[in-house]
Structure formats: C-alpha cells, structure tokens
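Undergrad:
There are 2 protein chains.
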Amino acid sequence: MISELARIEIDPQDATAFEAAVASAAPHFRAAPGCHSFRLDRSVDHPGHYLLVVGWESVEAHMVDFRASPEFQAWRALAGPFFKTPPQVDHVETAVEGF
Amino acid sequence: MISELARIEIDPQDATAFEAAVASAAPHFRAAPGCHSFRLDRSVDHPGHYLLVVGWESVEAHMVDFRASPEFQAWRALAGPFFKTPPQVDHVETAVEGF
Chain A
879 MISELARIEI DPQDATAFEA AVASAAPHFR AAPGCHSFRL DRSVDHPGHY
929 LLVVGWESVE AHMVDFRASP EFQAWRALAG PFFKTPPQVD HVETAVEGF
Chain B
879 MISELARIEI DPQDATAFEA AVASAAPHFR AAPGCHSFRL DRSVDHPGHY
929 LLVVGWESVE AHMVDFRASP EFQAWRALAG PFFKTPPQVD HVETAVEGF
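Protein chains in written order, with my numbering: chain A, 879 to 977; chain B, 879 to 977.
(1) Could you check which residue in B:Phe960, B:Gly912, B:Tyr928 and B:Asp889 has the C-alpha nearest to that of Ile880 of chain B?
(2) Thr894 of chain A lies in the beta strand (DSSP E); which residues open and close that run?
(3) Apart from the five residues on each side of it in sequence, which residues of its chain come closer than 8 Å, Cβ to Cβ, to Ser854 of chain B?
(4) Helix, strand or coil for Asp943 of chain B? Go by DSSP, reduced to three states.
(5) Considering only residues of the same chain and omitting the five flanking positions on each side of Phe960 of chain A, which have a CB-CB separation below 6 Å?
(6) On the CB-based measure, 16 or more other CB atoms within 10 Å of its CB, does Gly958 of chain B come out buried or exposed?
(7) By the DSSP assignment, the alpha helix (DSSP H) with Glu949 of chain B in it spans what residues?
(8) In terms of residue numbering, what span does the beta strand (DSSP E) encompassing Ser915 of chain B cover?
(9) With 9 Å as the threshold, decide whether the Cβ of Phe944 of chain B is near any Cβ in chain A.
(10) Classify His906 of chain A as buried or exposed, calling it buried when 16 or more other Cβ atoms lie within 10 Å of its own Cβ.
(11) Tell me which residues share the same chain as Trp953 of chain B and place their Cβ nearer than 8 Å to its Cβ, disregarding the 5 neighbours each side in the sequence.
(12) Considering only the beta carbon of each residue, do Val937 of chain A and His914 of chain A sit closer than 9 Å?
(13) Which one of B:Ala973, B:Pro925, B:Leu956 and B:Phe977 has the shortest CA to CA distance from Ala899 of chain B?
(14) Please return the same chain residues whose Cβ sits closer than 7 Å to the Cβ of Asp943 of chain A, not counting the five positions on each side in sequence.
(15) In the DSSP assignment, what are the bridge partners of Val932 of chain B?
(16) Counting only beta-carbon separations shorter than 9 Å, does Asp923 of chain B have a partner in chain A?
Given below as structure tokens:
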C-alpha cells in the first residue's frame with residue numbers, strides 16, 4: 879500500500895467549486911482497480927493550496943493502470959480546469975507509525 | 879482537528895538512523911497537549927524525502943504550545959541533526975472525505 883500525494887494549487891476564489899468538483903470525482907477513484915482511499919486536504923496556511931491523498935495498491939496501479947484509464951480522463955475533466963499549475967505528485971509509504 | 883505536514887529532506891544514506899530517531903521521538907509527541915497522532919511517511923520517488931504527519935487539536939496547539947515546550951526541544955535534538963534544509967511546514971484540514 880502506498881499513498882499518492884498530489885499538491886494542487888487553484889485560485890482561492892474557486893475553492894467551493896473546486897471542492898465540489900473533487901467530491902463529484904470520488905466515484906471515478908472508487909471504480910479504479912487498486913484504489914483504496916481518496917481524500918482532499920485543504921491548506922489552512924495557504925488559501926488555494928490543497929493536498930490530494932489517494933491510497934493505491936502500488937505505484938503502478940496509479941501511474942500505469944489509472945493514468946491509462948477513462949477514469950483518469952474523467953477526473954482530469956472535472957478537476958483539471960481549476961489547476962493553476964501542474965500538480966506536484968509524489969508517492970509515499972509509512973516509515974514510522976508513531977501512534 | 880488539523881494535521882501538521884512537515885516536508886523533511888535528509889541525506890539518503892542516513893535513512894535508517896533518521897527513521898530510528900523519529901521513532902524514538904514518538905513519546906515526546908504523545909506527551910504534548912493537543913497531539914492526537916504522529917506518523918512519518920517516506921517518499922518512494924525521492925530517496926531522503928519524508929513527510930511528517932502530526933494530528934493536532936488546533937494550529938495553536940502545534941505552533942504556540944508545542945513550539946514553546948521542552949518536548950519540541952527534545953524532538954529537534956533527536957531529528958534536527960539530520961535535516962539538510964529547514965522543514966517546510968503546512969497545516970491542513972479535510973476538505974473532501976472521498977472514501
């Protein structure tokens with residue numbers, strides 16, 4: 879299990895519409911093979927900055943299978959118009975589970 | 879409830895020692911008032927890059943109370959020597975709980 883972390887920046891005045899678009903995209907992630915969870919976090923410190931956190935079975939499930947799927951196209955059609963810059967994507971795994 | 883996200887970069891050859899230092903710091907977070915959770919995520923894509931994820935009651939519990947406490951000093955004494963650059967800190971709250 880890994881998590882995709884995508885740092886997204888939008889115009890702060892579009893926040894409500896962007897969050898609604900992301901919520902409406904949830905079924906496309908739920909339908910994606912190897913996708914375990916999906917959440918959008920909003921920065922408290924920097925308006926318009928978000929972190930999309932998606933749990934995947936593997937990096938390949940995200941970068942190969944999902945990216946080549948119609949579900950990815952549907953996600954990008956919903957959320958992409960809000961992106962001010964290309965999202966910064968990283969993949970992480972738990973190193974220390976503190977508590 | 880908010881989460882502190884601290885992006886940390888270390889020398890990749892120190893990874894094992896750094897992760898052990900972070901694990902040994904868990905009691906200092908557990909003892910901090912308003913601290914609910916503590917986890918270190920390791921980047922799969924970029925060796926030496928980490929994300930510290932700490933759940934706090936509020937931004938103030940982290941930035942005011944914890945930063946002024948001996949627990950913060952203990953944390954920095956353990957982990958700080960590994961930091962290549964000052965950690966990039968942000969605070970987030972959940973905007974969309976997809977699934």
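Glycine included, every Cβ here is placed at the ideal spot set by N, Cα and C.
TA: In short:
(1) When C-alpha distances from Ile880 of chain B are compared across B:Phe960, B:Gly912, B:Tyr928 and B:Asp889, the shortest belongs to B:Gly912.
(2) Element bounds for Thr894 of chain A: not the beta strand (DSSP E) but the alpha helix (DSSP H), Ala893 to Arg908.
(3) Because chain B spans 879 through 977 in this model, residue 854 of chain B falls outside it and cannot be assessed.
(4) helix
(5) Ile888, Asp892 and Phe896
(6) Exposed.
(7) Pro948 to Ala957
(8) Cys913 to Ser921
(9) Chain A contact via Cβ: absent.
(10) buried
(11) Closer than 8 Å at the Cβ level, and outside the excluded window around Trp953 of chain B, lie Ala903, His906 and Phe907.
(12) no
(13) In this structure, B:Leu956 is the residue among B:Ala973, B:Pro925, B:Leu956 and B:Phe977 with its C-alpha nearest to the C-alpha of Ala899 of chain B.
(14) Pro911 and Gly912
(15) In the DSSP assignment, the residues bridged to Val932 of chain B are B:Glu882 and B:Phe916.
(16) Yes, because at least one Cβ of chain A sits closer than 9 Å to the Cβ of Asp923 of chain B.
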